[in-house]
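What follows is one structure encoded as structure tokens, with my remarks underneath.
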Amino acid sequence: MEVLEYVLRYILCFLAIAVILNCVWSLIRLRPDKKVYAVLVDMSNNKQYPITCYEASVGRSKICDIIFTNSTVSRSHAVIALRKDGFYVFDTESKSGVYVNEEKIEKSEKLNDGDVIAFGTAIMKFHIGNDGNNDYSHKKEKKQKEQKQPKLVNLVDGTEFTIDGDFVTIGRAKGSNIELPAPYVSRKQAEVFKEKNKWYIENMGSITKTTLNGETVNRVIPLIDGDVIRIGDFAFLFEM
Amino acid sequence: MQTVKARNVNPYIMLFIITLFQLICFLSLVTRVDEQYRSDILMTFGGYLMIEYAYFIGARLVLGRRGFEVELIAFLLTSIGLSITASVYPDGIVKQFIAVLVGIGGFVVLQWVLRDVKFCNSMRIPVAVLALGLLVFTLVFARATNGAKNWIYIGGISIQPSELVKVAFIFVGAASLEKLQSNKSLTKFVVFAFGCVGALFLMYDFGTALIFFFTFIVIAFMRSGDIRTIVLLCTIALMGGLLVLMFRPYVANRFEAYGHVWEYFDTSGYQQTRTMIYSASGGLFGVGLGNGKLRDIFAATEDLVFGVVCEEFGMIMAGAILLSYIALLVYSIRHSKYARSSFYAICACAASSLMLFQAALNVFGVNDILPLTGVTLPFISRGGSSIISCWMLLAFIKAVDRSTYRFGGVRQ
Amino acid sequence: MKTISKRALILYAIILLFLAGCGLLFYNLVTNSSDWAMNRVNKHLYSSGSLATAGDVKDANGIVLATTQNGARAYNQSKNIRLSTLHTVGDNAGFIASGIQTSFKDELTGYTLVDGVYNLKRYGKGNDITLTINSNVCATAYKALGERKGTVAVMNYKTGELVCIVSTPTYDIMNKPDDILTDTTGKYDGIYMNRFFSGLYTPGSTFKVITAACAIENIPDIYTRTFECEGKIQIGEGYVICSGTHGEINFEKAMNKSCNCAFATIADELGSEKLTATAERLGFNTKNLIVSDKIKCAKSKLNLTESAPLDIGWAGIGQYTTLINPCQMLTMISAIANNGTAVSPYLVSEIKNPEGEVTFFEKTETLGEFFSPSVAQSLDNLLRSNVKNQYGDSYFKGMDMCGKTGTAEISDDEDAKPNALFVGYSNNEDMPFAIIVVVENTTSAIKSAVPIASAVMREVKTEYTN
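Protein chains in written order, with numbering that gives the first Met the number 0: chain A, 0 to 239; chain B, 0 to 411; chain C, 0 to 465.
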């Protein structure tokens with residue numbers, strides 16, 4: 000009992016430290032990536048002003064997020080904010096006012112993609128998303144989907160196998176996603192799978208080696224675009 | 000996922016470790032306490048574990064959240080606090096546990112309230128009125144406890160309104176960017192802040208008044224960036240403080256031991272010297288939960304709780320706890336640029352600096368690096384109002400991370 | 000948002016301040032931890048102000064001097080042993096600063112920075128300390144000193160083990176007199192001080208050993224010189240008084256007779272620089288001896304800067320402002336016995352943890368060469384001749400004793416009684432022990448200090464030779 004208590008003190012300390020240090024380390028390093036939520040395009044010269052935060056101040060002053068040097072723009076002229084139901088523009092007591100589609104706004108106005116906003120003489124076209132006309136959220140989804148579908152290209156005959164789900168089995172067994180009809184291939188030779196947005200390959204064969212870029216796979220190895228997987232005479236190119 | 004470079008910790012592994020931690024604490028508690036309290040402690044620890052798992056499963060599976068570092072730290076610190084309370088005051092553990100439950104509930108509800116900036120903006124004035132009203136009510140009806148007149152009793156429950164007003168104070172102080180830009184004047188907020196600080200002064204709750212004033216400075220600076228006004232306000236406050244010291248010399252007496260507590264060994268330096276002696280006795284790994292002696296000193300689980308942690312859990316763990324307060328502030332600062340509104344940025348920075356400042360007053364106070372002010376250590380000190388306010392402040396920190404909320408159907 | 004997030008950066012300053020505070024906090028905690036933890040209000044270690052739980056203190060033969068029984072400190076059964084070892088073992092409230100129970104509190108309680116006081120909690124006791132002292136010799140020394148104030152210490156000059164340390168006045172720790180604070184007669188003066196480690200005494204004639212060493216090193220024809228003694232000698236504008244009228248005597252006789260005229264002349268001839276150089280090589284003015292890493296001794300003093308020749312003369316015979324620390328003096332005399340090489344005195348022979356493993360044991364360490372072997376041999380001959388020709392071998396039968404007495408005038412008052420000193424050692428291979436005896440306010444050294452030394456050395460002989 001005494002010895003147990005003696006040791007538990009250290010263990011207790013170790014457990015707490017493990018949690019706190021892990022979390023602290025993660026907290027002081029975590030930072031969201033920068034994203035472009037919308038773009039203002041100057042109608043006179045096509046200059047683009049990306050909006051990279053949820054609330055962007057617009058004005059002549061250097062402290063603003065989006066700076067227009069026109070003299071008709073107040074020092075802090077307006078705020079463009081992304082709210083729960085979409086983008087809004089707020090007139091923050093500017094001298095020359097804010098116009099959306101040529102109508103002067105009171106306090107605030109909801110923005111739609113393609114609206115024309117005038118801050119004094121600075122006339123901007125407002126685009127949601129990072130350049131084009133697509134709805135912001137839709138585009139994001141599409142982009143993610145594209146990313147998520149890597150391909151395996153058979154280097155022998157050039158056929159492509161698009162990975163549908165989260166894993167692909169390769170082997171001699173019937174029902175494998177990619178069947179390799181050769182006696183030296185194991186029934187379950189290898190598996191390509193996804194975990195936490197990353198792709199990995201794991202060897203399962205016993206007779207024949209699975210190699211990745213010429214090196215034997217004897218544990219789980221992460222895959223990147225352009226990797227070549229070889230099993231006997233078969234070869235696949237991994238494309239993201 | 001929004002985050003790059005750094006990865007979120009795996010919440011399941013961390014939760015597993017925290018569970019182990021709590022089990023060990025629980026085991027060392029039940030072998031010591033009186034038989035009659037065993038069921039209370041079992042209920043508390045079991046209930047706490049269930050709440051933890053319920054929260055994580057709910058947030059992970061239903062809300063699809065990824066980042067749990069903030070909650071993990073809070074859950075761990077709270078369980079350290081619960082263990083100490085259970086060990087020193089086994090009869091009060093259920094009460095404390097209920098407060099923790101209310102706190103976690105408040106945390107969840109406040110997160111939900113904070114999802115909409117428009118709503119928050121519209122709620123600021125009602126909350127301000129409510130907060131001031133609560134303080135005035137306290138001032139009129141409070142009973143004096145340990146020299147400070149800051150407790151009110153409602154239906155057998157004693158609460159410390161100043162703790163809850165902390166949350167309201169930050170909520171009122173923050174504002175979204177368009178509000179800040181169209182009305183640059185701080186006047187209304189200054190009036191509100193001085194109302195709160197003044198009320199606390201009249202309650203003789205100087206520690207909390209100081210915390211409010213510090214938070215006020217942080218918010219005022221984040222809102223206006225106007226250093227001149229802030230210096231002016233600080234000067235006014237300093238002069239006010241000096242006036243208090245002149246007309247109420249016994250306030251100054253409270254600080255006579257500061258800087259040389261060993262000379263006031265058995266008088267006004269009593270708590271500090273005992274804390275230092277027993278902190279040192281614990282060594283790096285502590286003497287084990289329940290083996291301490293500092294617990295017999297008055298206010299051991301509140302003001303001196305850092306000493307109890309040092310003595311029973313060891314200096315290393317004490318250091319890690321301090322580190323976690325720092326991490327919360329760093330996190331808030333780093334996320335402030337990407338927050339969904341300046342409202343959240345100000346809230347989070349104010350809330351996490353408040354906690355850090357309060358921790359500093361508590362920890363450095365008992366170790367004679369700062370004067371002893373008698374404030375609680377966030378999440379760890381015993382005290383229902385304190386733990387509730389800490390958990391609610393945590394909601395502000397959580398809200399600064401845009402990935403906390405679903406937005407327009409898409410996780411940000 | 001840019002501005003808001005930039006303003007937020009100033010909060011890093013608060014973090015830096017907090018980190019600085021944490022740094023200070025943990026620096027204080029780590030550096031002061033053992034001092035703070037040893038505070039007398041720490042209930043882990045103390046109950047009602049006295050050390051309650053700690054390991055044993057034993058003498059060289061394993062006789063327990065202090066232990067913990069039923070949550071309180073208990074001491075040896077023999078009253079004489081308690082009285083004689085009080086200052087070495089120390090009390091349990093920390094009044095006797097150099098006592099083992101105070102200076103080795105960390106070890107006795109088993110306190111470590113890593114585990115705090117946990118080991119004490121776990122085993123109910125701390126580490127056991129075995130000392131080098133022999134409680135029987137100590138008891139004999141205490142009996143020989145009796146009611147007189149002073150100190151007696153014996154050291155093995157080959158190894159540095161201190162086998163006897165007694166300091167008086169002393170009190171019985173099991174029965175502490177309650178008039179210590181209120182007493183006005185002076186019988187308890189310096190009762191909490193271990194005179195051997197912390198005392199400083201006017202050396203009187205014992206200092207002539209150092210003057211002689213300096214003379215042998217610096218005056219080549221010292222052995223062929225003769226000195227004229229007429230009971231006093233004029234130096235500058237004053238006189239140095241001698242204890243007798245010795246007529247014309249040589250160097251060795253001058254040493255035997257402890258002739259002040261001769262040694263004042265020699266000191267004057269050597270001058271302040273050479274005399275100071277020799278003394279400082281022996282540790283005067285420069286070095287506090289540290290016994291067993293923890294116990295810091297007082298520092299012997301010889302200040303001859305801007306002194307008149309008369310003062311240098313007085314200093315050469317151990318008067319003037321010269322002060323010696325008994326421990327330092329014993330180390331020096333041991334160096335003579337050990338062919339000129341001094342060994343560091345030590346008190347703690349080993350420390351055992353509660354599981355019985357030896358965690359620390361002290362080894363003999365040398366302090367370097369105090370005298371060249373030839374000078375040591377010459378001094379040895381002089382000291383041997385002192386005992387053989389002057390004090391009498393009957394005091395130290397079969398010990399080949401060497402030594403020097405000193406009778407130090409400590410006041411200009413005619414009625415004031417002098418302090419008597421004796422330093423010496425046995426040249427016998429079987430018992431390599433050196434001794435120092437200091438008796439305060441007594442008669443001449445030959446009548447007081449030498450009989451005490453005789454009694455103690457006889458006890459040492461029975462204890463350490465077959």
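Where is the CB? At the ideal position from N, CA and C, for every residue including glycine.
Any chain C beta carbon closer than 7 Å to residue i
i, result
"residue 34 of chain A", "no"
"residue 276 of chain B", "yes"
Neighbour list for residue i in chain B, Cβ cutoff strictly below 9 Å
i, result
"residue 92 of chain A", "180, 181, 182"
"residue 50 of chain A", "Ordered by position in chain B, no residue passes the 9 Å Cβ test against residue 50 of chain A, which lies about 12 Å from the chain."
Contacts that residue i makes with chain B (C-beta to C-beta distance below 8 Å)
i, result
"residue 250 of chain A", "Here chain A has residues from 0 to 239 only, and residue 250 of chain A is not among them."
Under 7 Å by beta carbon: chain A residues contacting residue i
i, result
"residue 2 of chain C", "62"
"residue 349 of chain B", "The premise fails here: residue 349 of chain B is roughly 17 Å from chain A at the closest Cβ pair, so nothing lies under 7 Å."
"residue 391 of chain B", "What residue 391 of chain B touches in chain A: nothing, since even the nearest Cβ is about 19 Å away."
Beta-carbon neighbours of residue i, restricted to chain B and to distances below 7 Å
i, result
"residue 82 of chain A", "116, 117"
"residue 72 of chain A", "What residue 72 of chain A touches in chain B: nothing, since even the nearest Cβ is about 13 Å away."
Cβ of residue i within 7 Å of any chain B Cβ
i, result
"residue 302 of chain A", "Nothing can be reported for residue 302 of chain A, as the shown portion of chain A is limited to 0 through 239."
"residue 117 of chain C", "yes"
"residue 116 of chain A", "no"
"residue 225 of chain A", "no"
"residue 91 of chain C", "no"
"residue 32 of chain C", "yes"
"residue 125 of chain C", "no"
"residue 89 of chain A", "yes"
"residue 278 of chain C", "no"
"residue 265 of chain C", "no"
Straight-line gap, residue i to residue j (C-alpha atoms, nearest Å)
i, j, result
"residue 133 of chain A", "residue 94 of chain B", "With a pLDDT of only 40 at residue 133 of chain A, under 50, the local geometry of the prediction cannot be trusted, and the value read off the model is given with reservation. Whole-angstrom Cα-Cα distance: 55 Å."
"residue 442 of chain C", "residue 118 of chain C", "52 Å"
"residue 379 of chain C", "residue 368 of chain B", "60 Å"
"residue 191 of chain A", "residue 332 of chain B", "40 Å"
"residue 137 of chain A", "residue 86 of chain A", "Residue confidence is low: residue 137 of chain A scores 45 on pLDDT, short of 50, so the model does not pin down where it sits. Its coordinate-derived value is still stated next. If you take the alpha carbons of residue 137 of chain A and residue 86 of chain A, they lie about 15 Å apart."
"residue 345 of chain B", "residue 275 of chain B", "36 Å"
"residue 302 of chain B", "residue 181 of chain C", "42 Å"
"residue 124 of chain C", "residue 336 of chain C", "41 Å"
"residue 273 of chain B", "residue 219 of chain B", "38 Å"
"residue 422 of chain C", "residue 434 of chain C", "6 Å"
"residue 396 of chain C", "residue 194 of chain C", "28 Å"
"residue 159 of chain A", "residue 209 of chain A", "19 Å"
Identified DSSP bridge partners for residue i
i, result
"residue 400 of chain C", "C/425"
"residue 72 of chain C", "C/67"
"residue 357 of chain C", "C/351"
"residue 142 of chain B", "B/150"
"residue 54 of chain A", "A/80"
Cross-chain neighbours of residue i in chain C, by beta carbon under 7 Å
i, result
"residue 286 of chain B", "115, 116, 117, 120"
"residue 77 of chain A", "Simply none; closest approach about 14 Å."
Residue i at chain A interface by Cβ criterion, 7 Å
i, result
"residue 109 of chain C", "no"
"residue 333 of chain B", "yes"
Contact set between residue i and chain E, taken where Cβ atoms lie within less than 7 Å
i, result
"residue 68 of chain B", "The structure shown contains no chain E; the protein chains it does contain are A, B and C."
Chain A contact residues for residue i, given Cβ-Cβ distances below 8 Å
i, result
"residue 23 of chain B", "7, 10, 11, 14"
"residue 330 of chain B", "26, 27, 29"
Listed by chain order, chain C residues near residue i by CB distance under 9 Å
i, result
"residue 55 of chain A", "0, 1"
**Request:** May I ask you to verify whether the region 224 to 240 of chain B touches the region 259 to 267 of chain B, counting CB pairs closer than 8 Å and requiring at least 3?
**Result:** Contact between the region 224 to 240 of chain B and the region 259 to 267 of chain B is absent: fewer than 3 CB-CB pairs across the two stretches fall below 8 Å.
**Request:** Report yes or no: do three or more beta-carbon pairs, one from the region 390 to 403 of chain B and one from the region 56 to 66 of chain B, lie closer than 8 Å?
**Result:** Because the criterion of three Cβ pairs below 8 Å is met, the region 390 to 403 of chain B and the region 56 to 66 of chain B touch.
**Item:** Any 3 or more C-beta pairs closer than 8 Å across the region 374 to 385 of chain B and the region 32 to 44 of chain B
**Value:** Taking one beta carbon from each stretch, the region 374 to 385 of chain B and the region 32 to 44 of chain B have fewer than 3 pairs nearer than 8 Å; the two do not touch.
**Request:** Flag this pair as touching only if the region 55 to 62 of chain A and the region 150 to 163 of chain B have three or more C-beta atom pairs under 8 Å; answer yes or no.
**Result:** The answer is no - the region 150 to 163 of chain B does not touch the region 55 to 62 of chain A, with fewer than three Cβ pairs under 8 Å.
**Prompt:** How do the region 79 to 96 of chain B and the region 9 to 29 of chain B stand: do at least 3 beta-carbon pairs fall below 8 Å, yes or no?
**Reply:** The region 79 to 96 of chain B makes contact with the region 9 to 29 of chain B; the number of CB pairs closer than 8 Å reaches 3 or more.
**Prompt:** How do the region 370 to 379 of chain C and the region 153 to 167 of chain C stand: do at least 3 beta-carbon pairs fall below 8 Å, yes or no?
**Reply:** With a cut-off of 8 Å, the region 153 to 167 of chain C and the region 370 to 379 of chain C do not count as touching, because too few Cβ pairs lie within range.
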